[in-house]
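Let me begin by presenting the structure, written as structure tokens, before commenting on it.
Number of protein chains: 2
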Amino acid sequence: MKKLINAAETVLEDALAGVAAAHPELAVDVANRVITRAVRPTAPKVALVSGGGSGHEPLHGGYVGPGMLDAACPGEVFTSPVPDQMLAAAKAVDTGAGVVFVVKNYTGDVMNFELAAELAAEEGVEVRTVLVNDDVAVEDSTWTAGRRGTGATVLVEKIAGALAERGAPLDEVAALGERVNAASRSFAIALTAATVPAAGKPGFELADDEIEVGVGIHGEPGRRRERLRPARELVAEVVETVLTDHHLTAGDEVIALVNGLGATPLMELYIVFGEVAARLAGHGITVARSLVGNYVTSLDMAGFSLTLAKADGQLLELWDAPVDTPALKRA
Amino acid sequence: MKKLINAAETVLEDALAGVAAAHPELAVDVANRVITRAVRPTAPKVALVSGGGSGHEPLHGGYVGPGMLDAACPGEVFTSPVPDQMLAAAKAVDTGAGVVFVVKNYTGDVMNFELAAELAAEEGVEVRTVLVNDDVAVEDSTWTAGRRGTGATVLVEKIAGALAERGAPLDEVAALGERVNAASRSFAIALTAATVPAAGKPGFELADDEIEVGVGIHGEPGRRRERLRPARELVAEVVETVLTDHHLTAGDEVIALVNGLGATPLMELYIVFGEVAARLAGHGITVARSLVGNYVTSLDMAGFSLTLAKADGQLLELWDAPVDTPALKRA
């Protein structure tokens, strides 16, 4: 295992120390493992809180800031944060307008956020939960009942975050988050496996010419293994898989995210994006907005995921709204 | 070789097609291999043009936009662009106020940009060249006479770009670019080698526990190979090496860039940054501004580079100025 770490046991606290040093615009509570905005909103607003295992950076701490999240709760690598973290985060950022939990659909995360919502309610914090389950690869997986939550998380956090920033009420923000999730579908391909520091070796083995089609962001198995093919062929399969599930048709507009899983050069992500745009154009579908880069990673996994969200006027307008976070900025 | 490409021969044109599709705010001339801003400045201003081999994305195309570059010329992977590209770029963006070429110190790049400057002068475009040579690892290297140009390129392009955007004259913009380069020092460590698509195999071999100390962004040899050590120890050596060369002392402020070489998880870069900040604090040196992420990459190389620029009021004020490019944004 080759990693830039001090020790497997201190990966999370050392990374949080770095986030704190790099981002004076964030407040990092290392003891409670909660990241919030250094400057709190002055007027009451619905607060967005997310969290999940570490190893998916910039998710979620990189999306804390005006226009997006109010707080993030990082767990240990590929491990759900605990309810106490989520409760501490909810209490820290609630302005009286309530809190929306954005939760990726993994069994541990779902259970812990549910418990945290109950604890928060007991302390007078009203909570709604938006479950993200956009990955069309498999119905159930290693750590999941139902579909896994992946790239759509960024879209939910950005778009619902923009609405919350404008002062919309709790139920409206939560409903919009659910609408963004329902409008989104994702699919991923891995070229290599990620290595969790505490495990010390890759989570699975792939031959030199082999890929995992439909992989999860913790290395969960996908649909099958096959030979690596040219990017154009891989993208064709990924796009068709997403479109089939999504029922998108000619004339539709999408927000497209081509996401690197951590170890894929940006040059290759642009090659993939070019093929995605061309393939969608062939279907008469327009890419109205896009992101290309590392947004929901899986440590040092090579590969990519595609997320397509069916766009409409409201989603695009909120997508374009100002945001100022470490990983996503727009004036 | 596991890469998301169509064919080694079409990597650059396929990546440019992706850049064009993803960034309507850029104009991509695929035939001439020149990336410019889609919306040109309305008032005359000094134009900044950079370029170099591909495989270092987001360098340079990702830094084209208001507040930074006017044009970028991407060469084939790890190969200098040709004078015709640079000339086409200079002519496309010159408003009559002249052009600054930002050139990383590699023999091919230096020769080709020199020739382009002569050709441009013959066509009435006044050119100044800022040479970037911030890498303290080695004096001469595989492709270089003198020191290699690496992470400081981002700082030169950002800070000189901000001054150009304000309407400063040609000699002043070029002088500031040289001042930023002179204020900057870098040093890099590789955990793995990059694979150039046309070569099909890694540029060098490292054992499972081995690192290259002082590596270049094309995999050029550094100072030595040694065993991988904890991040804190590696950072201590890198910081001390840079400080010794830089003559920084207690009370100094720096702009610090902790840069991933392409395949290093962001979580690890934050761990490295935390150690850098702590080590500098031990010397009484303050990190006034920072960047943590993939800014000057080397395809799929794992590792990091550290760039420290001695800051002052003017540099910080221009660093903070608005910028709107694919890879660097600030309101």
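Residue numbers (the numbering used here), protein chains in the order written: chain F, 2 to 332; chain A, 2 to 332.
Beta carbons are placed, not taken as given, at the ideal position from N, Cα and C, and that holds for glycine.
In this text the structure is predicted, and so the values were computed from the model without any measurement.
Interface flag for K105 of chain A against chain F is unset, since no Cβ pair is found closer than 8 Å.
Rounded to whole angstroms, the gap between the alpha carbons of G152 of chain F and P266 of chain A is 17 Å. Rounded to the nearest whole angstrom, the C-alpha separation of E119 of chain A and V20 of chain A is 30 Å. The C-beta of T287 of chain A comes no closer than 8 Å to any C-beta of chain F. In the displayed model, E227 of chain A falls within a strand according to three-state DSSP.
Look at K159 of chain F here: in three-state DSSP terms it is helix. Annotated three-state conformation of M302 of chain F is strand, per DSSP. At a cut-off of 8 Å, the C-beta of Y64 of chain A has no neighbouring C-beta in chain F. Restricted to the region 252-296 of chain A, the alpha helix (DSSP H) segments that are unbroken, complete and at least 4 residues in length are 267-283, listed in chain order.
Rounded to the nearest whole angstrom, the C-alpha separation of D321 of chain A and A93 of chain A is 28 Å. Beta-carbon to beta-carbon, A89 of chain F and V31 of chain F are separated by about 12 Å, too far to satisfy the 8 Å threshold.
At least one CB atom of chain A sits nearer than 8 Å to the CB of Y271 of chain F. Shown here for V83 of chain A: same chain residues with a beta carbon closer than 7 Å to its own, the five before and five after excluded, namely N113 in chain order. Identification of residues in the region 38-68 of chain A having a C-beta nearer than 8 Å to some C-beta of chain F yields S55, G56, E58, P59 and G63, given in sequence order. Its Cα nearest to that of I160 of chain F, the residue F:N182 stands out among F:A237, F:Y107, F:T143 and F:N182. Taken through DSSP and simplified to helix, strand or coil, G62 of chain F comes out as helix.
Cβ contact annotation for D246 of chain F (same chain, cutoff 8 Å, sequence separation greater than five): V137 and R186, in chain order. When A:E58, A:G314, A:A175 and A:A163 are compared, the shortest CA-CA separation from D253 of chain A is found for A:G314.
About 11 Å separates the Cβ atoms of V259 of chain F and V297 of chain F, ruling out a contact at the 8 Å cut-off.
V273 of chain F sits away from A303 of chain F, with the two beta carbons spaced by 8 Å or more. The Cβ atoms of L171 of chain A and G261 of chain A do not sit closer than 8 Å to each other.
Taking D110 of chain A as the centre and dropping the five residues before and after it, the same chain places the C-beta of G53, S81 and V104 closer than 6 Å to its C-beta, in chain order. For a Cβ distance threshold of 9 Å, residue set Y271, F274, G275 and V293 of chain F lies close to V20 of chain A, ordered along the chain. Contact with chain A is found for M268 of chain F, since one of that chain's Cβ atoms lies less than 8 Å from the residue's Cβ.
Taken in chain order, the complete beta strand (DSSP E) segments of 3 or more residues contained in the region 81-166 of chain A are 100-105 and 128-133. With fewer than 16 other Cβ atoms from the protein chains shown falling within 10 Å of its own Cβ, G125 of chain F counts as exposed.
DSSP places R34 of chain F outside both helix and strand once states are collapsed to three, so it counts as coil.
Residue-level contact check: I6 of chain A touches chain F, since one or more beta carbons of chain F fall below 8 Å from its beta carbon. Of the residues assessed, R225 of chain A falls on the exposed side of the cut-off, its CB having fewer than 16 other CB atoms within 10 angstroms.
Identification of chain F residues near A332 of chain A by a Cβ-Cβ cut-off of 9 Å yields P323, D325, K330, R331 and A332, ordered along the chain.
Put simply, the backbone Cα of L70 of chain F is about 6 Å away from that of E158 of chain F. DSSP places A72 of chain A outside any alpha helix (DSSP H); the residue lies instead in the beta strand (DSSP E), whose first and last residues are A72 to V78.
Under DSSP, no beta-bridge partner is assigned to I218 of chain F.
By the neighbour-count criterion, in which 16 or more other beta carbons inside 10 Å mark a residue as buried, G283 of chain A falls on the exposed side. The beta carbon of S299 of chain A is closer than 6 Å to those of A195, I218, L262 and G263 in its chain, skipping five residues each way along the sequence.
For F305 of chain F, the nearest beta carbon of chain A is closer than 8 Å to its own beta carbon.
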